[in-house]
Amino acid sequence: MLRRLPYLIATAAIASTFAASPARADRCDDLAKQLKAQIDGISIGKTAANMIYLSHPAAKALRLGCPSRTVKNEVYGQAPARKPSPEFQDLIASAAAIVFTIPKPDTLRGVKRCFGRVGILRGNDIKTRFRRLDMRCIRTKTDASISITRDSSE
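Under mature numbering (1 follows the signal peptide of the UniProt record, and there is no 0), residues -25 to -1, 1 to 129 are what the sequence shown spells out, in order.
What follows is the structure in structure tokens.
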């Protein structure tokens, strides 16, 4: 019995350490805080239905989608004009670079490429793939939007 006492005390100490540890914030919340810290002008809004709503002066709507069964993360942005401004494209590229850990020049090239394909020849709803990212650009009569996701299997 005396030989087991140090092992029991050590086991109890380790168990109490893990039981008393504070709860960690969700990874999606951490990503939103990282976006706010690294991109000027972003503010964090409400969190609802696995989405964190963000705001920025260059975007009409901006949100960060949290991981689900089918996608790892999602960055969605809606431009206030039919033709997205360079500031909006830079904002989306910066957010995608942070969320998906890809160099910003690569994400900026993908965003410009997606918006460049929207038009009379290819239509107003374009799906493209760039650097293992799925990009979908949609243009309406008043605005344009982009959604960037990565499949959960990648």
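Built from N, CA and C at the ideal position, the CB exists for glycine as well.
Identity of the residues DSSP links to residue i by a beta bridge
i	result
serine 122	Tyr51, Arg111
serine 18	Ser30
glycine 91	According to DSSP, which records beta bridges pairwise, glycine 91 is partnered with nothing at all.
Proximity winner among the options, relative to residue i (alpha-carbon distances)
i	options	result
lysine 11	Ala54, Lys47, Leu66	Leu66
arginine 125	Ile14, Pro32, Pro42, Ala36	Pro42
glycine 94	Gly16, Ile113, Gly85	Ile113
leucine 6	Phe63, Ser120, Asp81, Glu49	Glu49
glutamine 53	Arg84, Lys21, Tyr28	Tyr28
proline 80	Gln64, Arg92, Phe90	Gln64
arginine 57	Leu108, Phe90, Ile73, Ala72	Phe90
arginine 84	Met110, Arg2, Lys8	Met110
Simplified DSSP assignment, three categories, for residue i
i	result
alanine 68	helix
aspartate 81	helix
isoleucine 73	helix
aspartate 5	helix
alanine 23	strand
serine 43	coil
leucine 10	helix
proline 61	helix
Extent of the continuous beta strand (DSSP E) run through residue i
i	result
alanine 36	36 to 40
threonine 103	100 to 105
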